[in-house]
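With the working numbering applied, the sequence shown covers 198 to 379.
We treat Cβ as the ideally placed atom computed from N, Cα and C, and that holds for glycine.
What you are looking at is a predicted structure, and each value in this text was computed from that prediction instead of being measured.
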Amino acid sequence: MQESLNSKQSLINALKECGAVRFGDFTLASGKKSSYYVDIKKASTDPVTLKKIAREASTVIRGMHADAVGGVVLGSVPLATAVSLESGLPLVLIRKSDKSYGTGGRFVGDVREGSRIVLLEDVTTSGGSVSDAIKAIRSEGAIVEAVVTVVDRESGASENLDSMDVRLIPLVRAGELVSSSQ
C-alpha cells in the first residue's frame with residue numbers, strides 16, 4: 198500500500214515538474230471554467246514523466262488479461278505507445294472516424310472479435326471521446342472493460358463509462374493534484 202502511495206505521489210510530482218499542471222483561470226474545451234489546467238501533452242513529451250506513466254499504467258493493466266492496449270488518435274497515442282512498450286502488449290490506435298484513403302478503416306492495429314483491449318486516456322472529463330472509441334471497438338466484436346486515464350477531472354467520466362459496463366481507472370484524480378498543491 199505504501200509503495201502505491203509513493204508511486205502515485207511520484208507521478209503527481211512529475212506531472213507538476215514537467216509543467217503539465219497549471220493553476221489560474223482557464224476555459225476548457227467544453228466551455229466550462231476551471232481554476233486549473235492539465236496539459237498531458239507536456240507529460241507525454243517528457244521522457245521521464247512518460248516512463249512513469251507507462252510503468253504505473255502497465256502495473257494496473259498487468260492483472261487484466263488484456264490482449265492489447267489502445268489509444269484514441271491523437272492525444273493518447275504517445276501514452277498508449279509507451280504502455281505498449283512497457284507492458285509488451287500490442288498497440289491499437291483508434292481514429293475518430295474512418296479513413297477514406299489508403300487502406301482505410303478506423304483502426305491501426307489488430308481489432309478482432311473477442312480480443313480484450315484496455316484503452317488509455319490522457320485526461321477524462323465526461324468520457325465522451327473515449328465512449329465513441331469503445332462503441333467502435335465493440336462494433337467489431339472486441340471487448341473493452343477498462344479505461345486507464347492519467348488524470349480524471351472527476352466530472353462524470355466514471356459514471357458515463359460505468360453505464361457502458363466499463364471501469365475507469367485513474368492513475369491520479371484531479372482532487373489529488375489540487376490538494377497536493379495547497
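So what's residue i in DSSP terms, helix, strand or just coil?
i           : result
residue 287 : coil
residue 267 : strand
residue 230 : strand
residue 308 : coil
residue 365 : strand
residue 274 : helix
residue 225 : coil
residue 359 : helix
residue 329 : helix
On the DSSP bridge assignment, give the partners of residue i in chain order.
i           : result
residue 302 : 296
residue 243 : BP columns for residue 243 are empty, so no partner.
residue 256 : Answer is none; residue 256 lacks a bridge partner.
residue 209 : According to DSSP, which records beta bridges pairwise, residue 209 is partnered with nothing at all.
residue 343 : 364
residue 318 : 346
Going by C-alpha to C-alpha distance, which of the options sits closest to residue i?
i           : options            : result
residue 368 : 310, 267, 249      : 249
residue 320 : 253, 264, 235, 295 : 235
residue 253 : 213, 290, 284, 351 : 284
residue 361 : 372, 331, 279, 292 : 331
residue 247 : 312, 268, 215      : 215
residue 312 : 275, 261, 242      : 261
residue 375 : 233, 211, 226      : 233
Mind reading off the beta-carbon distance from residue i to residue j? Whole number of angstroms is fine, and I expect it under 8 angstroms.
i           : j           : result
residue 258 : residue 348 : Going by Cβ atoms, the distance from residue 258 to residue 348 rounds to 17 angstroms, so no, they are not a contact pair.
residue 291 : residue 270 : 7 angstroms
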